[in-house]
Structures are given as structure tokens and as C-alpha cells.
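Enquirer: Residue 152 is where the sequence shown starts when you use this note's numbering, and the numbers rise one by one after that.
Backbone N, C-alpha and C fix where the C-beta goes; we use that ideal spot for every residue, glycine too.
Before we start, here is the structure in question, set down as C-alpha cells.
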Amino acid sequence: MIQITLIQIDNYGPWTVTPGPRAEPDLQTLQSRLYGDLEREFGAHGGIVFFNRFDNLIAVSNGMDYDDHLLIQQSIRNRYPITISMGVGTAETAIEAQKIATKMIQNGGGAQSAERCEILNIDSLAEDEDSFVQIAHIDINDITTNLTDKKTAYDTSIKVYEVLLTLMKELSEIGGMCFFIGGDNYMAPSNNISKDQLRDALKRVDEKTGIRLKAGVGIAKKAGRAADLADIGLEDIRAGLTDDSVLIFNDLD
Numbered sequence: 152m153i154q155i156t157l158i159q160i161d162n163y164g165p166w167t168v169t170p171g172p173r174a175e176p177d178l179q180t181l182q183s184r185l186y187g188d189l190e191r192e193f194g195a196h197g198g199i200v201f202f203n204r205f206d207n208l209i210a211v212s213n214g215m216d217y218d219d220h221l222l223i224q225q226s227i228r229n230r231y232p233i234t235i236s237m238g239v240g241t242a243e244t245a246i247e248a249q250k251i252a253t254k255m256i257q258n259g260g261g262a263q264s265a266e267r268c269e270i271l272n273i274d275s276l277a278e279d280e281d282s283f284v285q286i287a288h289i290d291i292n293d294i295t296t297n298l299t300d301k302k303t304a305y306d307t308s309i310k311v312y313e314v315l316l317t318l319m320k321e322l323s324e325i326g327g328m329c330f331f332i333g334g335d336n337y338m339a340p341s342n343n344i345s346k347d348q349l350r351d352a353l354k355r356v357d358e359k360t361g362i363r364l365k366a367g368v369g370i371a372k373k374a375g376r377a378a379d380l381a382d383i384g385l386e387d388i389r390a391g392l393t394d395d396s397v398l399i400f401n402d403l404d
């Protein structure tokens with residue numbers, strides 16, 4: 152089972168324009184700092200946070216319980232002018248777990264409700280014996296030669312985000328999610344997606360975007376360890392240790 156936590160800033164839209172519009176650089180700084188702090192806090196428990204839309208962040212939080220989430224909420228409240236609410240759900244696939252987590256947070260009130268503050272609604276938690284996280288680290292083949300050193304920086308970004316959107320759509324159809332993590336890299340919580348399914352999804356993205364992809368996949372009880380194994384798999388592909396475009400390392404064997 153994969154455990155997903157949806158994190159949402161409380162009443163953020165109205166706060167950004169009260170009592171008047173706040174300086175945009177200050178808002179961007181707050182969002183980036185919040186993401187960094189949440190990454191550190193969840194990472195201390197073996198989790199991973201994806202910035203998603205910054206005012207809405209998605210974490211893979213296997214191994215974390217109610218008190219762990221509550222302490223993070225309290226820490227943010229003590230250090231920021233805003234508060235955060237969280238919804239938590241578990242399921243066999245990442246896409247289903249985030250649907251449950253979304254429902255949990257929506258049950259606590261609207262995103263721009265002045266009454267909602269630090270809601271923590273948990274549908275279920277992944278028990279240790281059932282905890283299972285599969286993460287794929289996907290990257291673009293030879294982006295430096297084909298894009299970075301030939302195209303403008305902005306044109307390269309257009310292609311990178313085109314690939315992201317295509318990956319998001321393809322993986323969501325088979326139960327996964329995908330997030331941009333910088334450079335030419337993407338990370339995909341991919342529970343219950345087989346090696347053949349992932350390889351086929353990457354091929355479909357290749358065909359639609361003209362961009363070749365490869366992926367290392369890690370499987371473990373917690374997201375941090377799964378991501379580490381995925382990184383190792385990707386590095387082995389880069390080093391030419393396998394001809395396959397997808398390499399899996401399983402820490403549960």
C-alpha cells in the first residue's frame with residue numbers, strides 16, 4: 152500500500168491580497184521556503200514531498216502516523232504567517248491514494264475558507280507489514296547534446312514540460328503519478344505498474360514528443376529509500392550496464 156499526504160495552504164488566495172496585494176517576490180520566497188521545509192520534515196521520516204503547485208503539495212508518507220503529521224503542522228504554524236491542512240489516504244496505486252487524500256482534505260472545508268485551519272483528516276495509514284512504495288526516476292536521454300547546447304533555454308523548458316504533461320497523462324491511465332524534479336528529471340510514484348507497462352508508457356511518450364526516456368525504479372517500504380534505489384538504477388543505465396530502458400531494484404526481496 153502506498154500512503155499519500157496532500158498538503159494545502161489554508162486560505163492562501165485571500166491571504167495573498169489582504170489587506171492589499173502582497174509583493175510577488177515575497178510570496179515566491181514563502182512558497183519555495185515552505186516546500187524546502189516540508190521536504191526536510193517529511194524526509195526526516197523517510198518520506199518525499201513533490202512541490203506540485205506550491206500551494207498544494209503531494210507527499211509519499213509511508214511510515215508516518217497522525218502525530219508525525221501533527222508535529223509538522225505545528226512547526227509550520229510557529230514559523231510561517233500561514234497554516235497548512237493535510238489529508239492522508241492509502242491505496243494499491245498512487246493515483247487512487249491521492250484521490251482519497253484529496254477527499255479527506257476537501258471534507259475539512261474549501262481551500263479559500265476562512266474557517267478551515269490546520270485540518271488533519273486521515274482515511275487510513277499504511278501499516279508496516281503492508282507498506283510498499285515503488286518510485287520511478289525518469290530522465291531524458293542526452294538532453295545536453297540534443298537540447299541544452301542547441302536550443303534556447305526557454306525552448307528547452309517547453310520541451311521538458313511537454314514531456315512532463317505527456318508522462319502525467321500516460322502514467323495516470325495506469326495508476327501512477329509523475330512530478331518534475333528539476334533539470335530533465337521526473338519522479339513517478341508507480342505502485343502496481345509493471346516493468347512492461349512502464350516501458351510501454353515511456354515508448355508512447357517517445358512517440359508523442361520525439362524524446363527518448365529511460366527510468367530507474369526502486370521498491371522499498373518508504374519513499375526515500377525507493378527513490379535512492381531508483382537513482383541507482385538510472386545511473387546503471389546511464390553507465391551502459393544494461394540495454395534496457397527500465398531497471399528495477401527491489402529492497403523488499
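Mind checking which residues open and close the beta strand (DSSP E) that includes methionine 237?
Expert: Unbroken beta strand (DSSP E) run through methionine 237: 235 to 242.
Enquirer: Counting only runs that start and end within the segment 195 to 233, where is the beta strand (DSSP E) found for 3 or more residues in a row?
Expert: The segment 195 to 233 contains these whole beta strand (DSSP E) runs: 199 to 201, 207 to 211.
Enquirer: For isoleucine 325, I'd like the list of residues in its chain whose CB is within less than 8 Å of its CB, leaving aside the five on either flank, ordered along the chain.
Expert: Here the set comprises Ile344, Gln348, Ala352.
Enquirer: Among Thr253, Leu318, Met255, Tyr305, whose alpha-carbon lies nearest the alpha-carbon of arginine 363?
Expert: For the residues Thr253, Leu318, Met255, Tyr305, the minimum Cα distance to arginine 363 belongs to Leu318.
Enquirer: So valine 239 and alanine 374 are in contact, right, with Cβ under 8 Å, and what is the actual spacing, rounded?
Expert: Incorrect: roughly 14 Å between the Cβ atoms, too far for contact.
Enquirer: Which residues does DSSP list as the beta-bridge partners of methionine 415?
Expert: Since the first residue of the chain shown is 152 and the last is 404, residue 415 is not available in this structure.
Enquirer: Going by DSSP in three states, lysine 365 sits in which element: helix, strand or coil?
Expert: Lysine 365 falls in the strand class under three-state DSSP.
Enquirer: Take every Cβ of the segment 262 to 272, pair it with every Cβ of the segment 155 to 170, and state whether three or more of those distances are shorter than 8 Å.
Expert: Yes: at least three Cβ pairs fall under 8 Å.
Enquirer: Give me, in chain order, the residues of the same chain whose beta-carbon lies closer than 8 Å to that of leucine 403; leave out the 5 immediate sequence neighbours on both sides.
Expert: Counting only Cβ-Cβ distances below 8 Å, and skipping sequence neighbours, we find Phe283, Ile370, Ala371, Lys372.
Enquirer: In the DSSP output, which residue or residues are listed as bridge partners for isoleucine 411?
Expert: Since the displayed the chain opens at 152 and closes at 404, residue 411 lies outside it and no answer follows.
Enquirer: Would isoleucine 209 pass as a contact of alanine 252 if the rule is Cβ separation under 9 Å?
Expert: Yes, Cβ-Cβ distance for isoleucine 209 and alanine 252 is below 9 Å.
Enquirer: Hey, out of Arg355, Asp219, Cys329, whose CA is closest to threonine 244's CA?
Expert: For the residues Arg355, Asp219, Cys329, the minimum Cα distance to threonine 244 belongs to Cys329.
Enquirer: If you compare alpha carbons, which of Ile294, Val200, Ile158 is closest to valine 311?
Expert: Taking only the C-alpha atoms, the option nearest valine 311 is Ile294.
Enquirer: Going by the DSSP bridge assignment, what does leucine 160 pair with across the sheet?
Expert: The residue you asked about is not leucine; residue 160 is isoleucine in the sequence shown. Bridge partners of isoleucine 160: Ile235.
Enquirer: Within 10 Å of its beta-carbon, does alanine 277 have 16 or more other beta-carbons around it, so buried, or fewer, so exposed?
Expert: Alanine 277 is buried by the Cβ-count criterion.
Enquirer: Using the rule of at least 16 other Cβ atoms within 10 Å of the residue's Cβ for burial, across every protein chain shown, is alanine 366 buried or exposed?
Expert: Alanine 366 is buried by the Cβ-count criterion.
Enquirer: So leucine 318 is in the alpha helix (DSSP H); what residue range does that whole segment cover?
Expert: 304 to 323 is the span of the alpha helix (DSSP H), which, as asked, contains leucine 318.
Enquirer: Does DSSP classify glutamine 263 as helix, strand or coil?
Expert: Here glutamine 263 sits in coil by DSSP.
Enquirer: Quick one: give me the first and last residue of the alpha helix (DSSP H) that leucine 380 is part of.
Expert: 374 to 389 is the span of the alpha helix (DSSP H), which, as asked, contains leucine 380.
Enquirer: Where does isoleucine 99 sit, in a helix, a strand or coil, going by DSSP?
Expert: The structure shown does not extend to residue 99, since the chain is modelled only from 152 to 404, so the question has no answer here.
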